[in-house]
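A short write-up of the structure that comes next.
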Amino acid sequence: MSLAEVLASHRVVVTVGSGGVGKTTSAAALAVHAAMQGRRVLCLTIDPARRLANSLGLSEMTSSEQEVPRELFEAAGLELRGSLAAMMLDTKKTFDTLVANLAKSPEARDRILNNEIYKYVSGSLAGTQEYMAMEKLFEVRKDPQWDLVVLDTPPTANALDFLDAPERLVGAIDSPATRWFVQAYESSQKGAFGALLSKGASMLLNGLSKFTGADFLKQIAEFIAGLNELFGGFREHAEEVSAALRSPDVAFLVVTSPHPLAVREAMFFSDKLKDAGMRRDGVIVNQVHQLLPEPKASDEELAQILAPHLPEGTEPGDAVARMMQALEDERMRAVADRVETDRLRHHLGPSVRMVEVPALEADVHDIQSLAEVSRYLTGEATSAL
Ligand SMILES: Nc1ncnc2c1ncn2[C@@H]1O[C@H](COP(=O)(O)OP(=O)(O)OP(=O)(O)O)[C@@H](O)[C@H]1O
Ligand SMILES: [Mg+2]
């Protein structure tokens, strides 16, 4: 299945991969393509990058949806048959909504939402961002406003974090340590709770925040107790989210660069998807350097051509030597990228769709370049060599 077909036949398309490889760019480019094809698309990104917002004709990304102006497409000579909206994922807001939906009473809800520890961790705890991206996926998947939601994801040191996110968050709440903590707290509600902990642990906890010892511990205990109260609902819900990730209307695209470390990560992630019994809908190798041809002219001829354009005092022979060195470096990079891309191709086997996007000369900074990237993604264009 080509990526164009993946876009046409799914309700949700998720881009995953390690840091800086082009997840956000790919997600936006795919959203642009699908919208041009006539679908009503929501591009849900993690990235507050102004450049991405500007590429979509918006002054900034916000956590509520914004319609990408049709004129932007028209001005670029692109036909928009559907529609495109963009929105930024707000981890804390998503967590708040989840708490509100699961809490059994308004009081229980407010106890958590107003808890200082909750306020601190809900936006920043390791793993919450991944989980909330999946949570949001679950939420928007059923929204009849959209034919397609393209979900960008945060950079994960380990791309697997995504698949396990629901289970891991449940595990963190339901660990023996947190259970001990809650029991200790509850059995000493009126007593000196702090005395239960060693002096060292108290000092460590104190060091973690601006709160004074006793208050900090109380806040932690209340936070855990509060989450524990939601826990039954939370576990069930996380299972639903987990199942949604595996449903046939959700496609996963692994994005990587040809950098050896990124390729290794992409192989690992792809294997994990396979082991988990999930389809691998495609692998995108982004920013592949192209093999530039060697000049046909001799060094002497090049020096002659260059001479009139050089600043005074520059030796044409030196300039040519430096140019040739730069060209050689670029060619070496292209060869290295080819080797890595072929290695990945071989590892994935013939059943997994792999597409390449060349490293463009400039950053992807407008709708034109997003559309250009999308042409490589969907196979309308292929790299030069
Ligand atoms: N094919 C390309 N050619 C040139 N520049 C590109 C290409 N793809 C992406 N870029 C640029 O590379 C940078 C990183 O891309 P992007 O933000 O999409 O990566 P990411 O995987 O989302 O990063 P992060 O992990 O930080 O979220 C951006 O400045 C983008 O414009
Ligand atoms: Mg990104």
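First residue of the sequence shown: 321, per the working numbering; consecutive thereafter. The C-beta atom is built at its ideal place from N, Cα and C for all residues, glycine as well.
| Can you find at least 3 beta carbon pairs, one from the stretch 561 to 568 and one from the stretch 637 to 652, that sit closer than 8 Å? | no
| In this structure, does DSSP put S577 in helix, strand or coil? | Within the sequence shown, numbered from 1, the residue matching residue 577 stands at position 257. It is coil, neither helix nor strand.
| A328 to A586, Cα distance in whole Å? | To locate residue 328, count along the sequence shown from 1; it is residue 8. To locate residue 586, count along the sequence shown from 1; it is residue 266. Their backbone Cα atoms lie some 24 Å apart in a straight line.
| E635 burial status per 10 Å Cβ neighbour count (16 or more: buried) | For the purposes of this step, residue 635 is identified with residue 315 of the sequence shown, where counting begins at 1. It is exposed - the Cβ of E635 has fewer than 16 other Cβ atoms within 10 Å.
| task | State yes or no: is the C-beta of G402 within less than 8 Å of the C-beta of A355? | result | Position 82 of the sequence shown holds residue 402. Position 35 of the sequence shown holds residue 355. Yes, Cβ-Cβ distance for G402 and A355 is below 8 Å.
| query | Which runs of the alpha helix (DSSP H) fall wholly inside the stretch 550 to 631 and span at least 4 residues, in chain order? | reply | 580 to 595, 619 to 626
| said: Need the endpoints of the beta strand (DSSP E) that P678 sits in, please. | reply: Locating residue 678 in the sequence shown gives position 358, counting from the first residue. Its beta strand (DSSP E) spans residues 674 to 678.
| request: Examine ligand 2 and report whether any of its heavy atoms sits within less than 7 Å of the Cβ of T576. | output: Here residue 576 refers to the residue found at position 256 when the sequence shown is read from its first residue. Because no heavy atom of ligand 2 lies under 7 Å away, the Cβ of T576 does not count as near it: no.
| message | Can you look up Q449 in the DSSP assignment and give me helix, strand or coil? | response | To locate residue 449, count along the sequence shown from 1; it is residue 129. If DSSP states are grouped into helix, strand and coil, Q449 belongs with the helices.
| field | Where G511 falls, given that 16 or more other Cβ within 10 Å makes a residue buried | value | Position 191 of the sequence shown, counted from the first residue, corresponds to residue 511. Caution applies to G511, whose pLDDT of 49 falls short of 50 and renders its modelled position unreliable; the model cannot decide the point.
| Per DSSP, T365 is paired with what? | Here residue 365 corresponds to residue number 45 of the sequence shown, with the count starting at 1. In DSSP, T365 forms a bridge with M408.
| Do you know how far the Cα of V561 is from the Cα of V460? | Position 140 of the sequence shown, counting from 1, holds the residue named residue 460. Position 241 of the sequence shown, counting from 1, holds the residue named residue 561. Near 12 Å, if we compare the C-alpha coordinates of V561 and V460.
| task | Quick one: residues in its chain with C-beta nearer than 7 Å to the C-beta of L668, no 5 flanking neighbours on either side, listed in chain order? | result | Here residue 668 refers to the residue found at position 348 when the sequence shown is read from its first residue. Around L668: S590, V603, M674.
| said: In this structure, how does DSSP classify E650 when only helix, strand and coil are distinguished? | reply: The sequence position of residue 650 within the sequence shown is 330, counting from 1. E650 falls in the helix class under three-state DSSP.
| field | Contacting residues, own chain, Cβ-Cβ under 6 Å from F543 (five flanking each side not counted) | value | As a first step, residue 543 must be located in the sequence shown, where it is residue number 223. Cβ neighbours of F543 beyond the five flanking positions: N435, I437, Y438.
| request: Examine ligand 1 and report whether any of its heavy atoms sits within less than 7 Å of the Cβ of D686. | output: Here the question's residue 686 lines up with position 366 in the sequence shown. No, Cβ of D686 sits at least 7 Å from all heavy atoms of ligand 1.
| Do A324 and T698 come within 8 Å of each other at the CB atom, strictly closer than that value? | The sequence position of residue 698 within the sequence shown is 378, counting from 1. The sequence position of residue 324 within the sequence shown is 4, counting from 1. Closer than 8 Å, so yes.
| field | Helix, strand or coil at T345 according to DSSP, with G and I counted as helix | value | Working through the sequence shown from its first residue, we reach residue 345 at position 25. It is helical.
| query | Can you tell me where the alpha helix (DSSP H) with D430 in it begins and where it stops? | reply | Here residue 430 is taken as the residue at index 110 of the sequence shown, counted from 1. Element bounds for D430: 426 to 433.
| Among H629, D416, R584, the one whose alpha carbon lies nearest that of L550 | Position 230 of the sequence shown, counted from the first residue, corresponds to residue 550. Considering only alpha carbons, the answer is D416.
| message | Do A682 and H609 have their beta-carbon atoms positioned less than 8 Å apart in this structure? | response | One-based indexing of the sequence shown puts residue 609 at position 289. One-based indexing of the sequence shown puts residue 682 at position 362. No, they are not a contact pair.
| field | Whole-number beta carbon distance between M408 and S383, since they are thought to touch under 8 Å | value | The residue labelled residue 383 in the question sits at position 63 within the sequence shown. The residue labelled residue 408 in the question sits at position 88 within the sequence shown. Right, their Cβ atoms sit about 5 Å apart.
| request: Using only alpha-carbon positions, find the residue among E632, S346, S322, V469 that is nearest to S375. | output: Here residue 375 refers to the residue found at position 55 of the sequence shown. If we check each option's Cα against that of S375, S346 comes out closest.
| said: Using the three-state DSSP reduction, which class does K530 fall into: helix, strand or coil? | reply: The residue given as residue 530 occupies position 210 in the sequence shown. Caution applies to K530, whose pLDDT of 49 falls short of 50 and renders its modelled position unreliable; the model cannot decide the point.
| Whole-angstrom distance between A420 and Q688, CA atom to CA atom | Here residue 688 refers to the residue found at position 368 when the sequence shown is read from its first residue. Here residue 420 refers to the residue found at position 100 when the sequence shown is read from its first residue. Distance between the alpha carbons of Q688 and A420: 41 Å.
| task | Confirm the yes/no value for this check: CB of K343, any heavy atom of ligand 1, distance under 7 Å. | result | What you label residue 343 is simply residue 23 of the sequence shown in a count that begins at 1. Within the cutoff, so yes.
| said: Would you say the beta carbon of I366 is closer than 7 Å to some non-hydrogen atom of ligand 2? | reply: Taking the sequence shown and counting its residues from 1, one reaches residue 366 at position 46. Yes; taking the cut-off as 7 Å, the Cβ of I366 has a heavy atom of ligand 2 nearer than that.
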